[in-house]
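Comments concern the structure below.
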Amino acid sequence: MPMTTPTPPTLEQHLCFKLYSTSLKMTQLYKPMLSALKLTYPQYLVMVVLWEQEGLGIKDVAERLQQDSGSITPLVKRLEAEGYLIRERDQRDERNRVLTLTAAGHALRAEGLRVSREFASHCAITNEDVAHMAAGLEKLNKNISR
């Protein structure tokens, strides 16, 4: 009996492609909504972290976003230039900067909520769908991080 050569998965069978293409589409959907707020998607994620917990250091924000602090610092500087936050020296560690929202940064939270709702309506999926996908992606993320 002849030996068959296994065929590699098709593009559509690659989970990594599904994640990649969906991420690109999601970012494109966010783009016009966020440009009205003078935010890029990565800047928006920094603001989401700070709306959850203010007074974090750049290192803490980077950790929450699973990035290195060198990637976060330019985003933070642009957010400071827009007037959304202030960087101050950390009393405990002079090398670190603590991030505090300005009045404009706090006010932007309401617009961020509007963006979230608008994005959710475009996706046409239920909260239950979101919870299931988020749990699956969290599991995948943890498994890959090992």
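Under the working numbering, the sequence shown is numbered contiguously, ending at residue 149.
Beta carbons are placed, not taken as given, at the ideal position from N, Cα and C, and that holds for glycine.
The structure presented is a predicted model; accordingly, all values stated were derived computationally and were not measured.
Measure the C-alpha to C-alpha separation of residue i and residue j and round it to an integer number of angstroms.
{"i": "Pro49", "j": "Glu15", "result": "The question names Pro, but residue 49 in the sequence shown is Val. Those two C-alpha atoms are separated by around 32 Å."}
{"i": "Asn130", "j": "Arg120", "result": "12 Å"}
{"i": "Ala65", "j": "Ile75", "result": "6 Å"}
{"i": "Thr8", "j": "Lys34", "result": "44 Å"}
{"i": "Ala138", "j": "Cys126", "result": "18 Å"}
By Cβ distance, which residues of its chain are closer than 8 Å to residue i, with the 5 residues on each side in sequence left out?
{"i": "Glu83", "result": "Ile89, Arg90"}
Mark residue i as exposed unless 16 or more other C-beta atoms lie within 10 angstroms of its C-beta, in which case mark it buried.
{"i": "Leu111", "result": "buried"}
{"i": "Arg100", "result": "buried"}
{"i": "Gly59", "result": "Going by the sequence as given, residue 59 is Leu instead of Gly. Buried is the call here."}
{"i": "Ile147", "result": "exposed"}
{"i": "Gly73", "result": "exposed"}
{"i": "Leu143", "result": "exposed"}
Am I right that residue i and residue j are in contact with their C-beta atoms under 8 Å? What's the rounded C-beta distance?
{"i": "Leu22", "j": "Gln46", "result": "Not really, about 22 Å apart at Cβ, beyond 8 Å."}
{"i": "Gly108", "j": "Tyr87", "result": "4 Å"}
{"i": "Leu37", "j": "Val133", "result": "Not a contact, Cβ separation roughly 20 Å."}
What residues in its chain sit with their C-beta under 6 Å from that of residue i, if we drop five residues either side in the sequence?
{"i": "Phe20", "result": "Leu14"}
Query raised in the report: For the region 104-112 against the region 37-55, are there 3 or more C-beta pairs whose distance is under 8 Å?
Result: Result yes; three or more Cβ-Cβ pairs closer than 8 Å.
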